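Residue numbers (our numbering): 58 to 123.
Heads up: the structure comes next, in structure tokens.
The structure is reproduced here in structure tokens:
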């Protein structure tokens, strides 16, 4: 998954403002206690980070975006 696709999916699932907040502020146990931004900056693959988002917010991510 390209990085631009990742951000598009995140914004589609949460809205642009909330997606940015989640990426910056929410620590996910699925990412080893890191935020989305920290995981991506550390070189984690986008599909791994996306799976973590889906696992953390199963009710917010529509099935078509999984």
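Each residue gets a CB set at the ideal place from its N, CA and C atoms; glycine is no exception.
Note that the structure is a prediction, hence the values are computed from the model and not measured.
Here the alpha carbons of residue 100 and residue 71 stand approximately 23 Å from one another. Counting only residues of its own chain and dropping the five nearest sequence neighbours on each side, residue 81 has a CB closer than 7 Å to the CB of 92, 94. Where residue 73 is concerned, the enclosing alpha helix (DSSP H) starts and stops at 73-82. The DSSP-derived three-state label of residue 91 is strand.
For the pair residue 87 and residue 120, the CB atoms are not nearer than the 8 Å cut-off. It is roughly 18 Å from the alpha-carbon of residue 89 to the alpha-carbon of residue 115.
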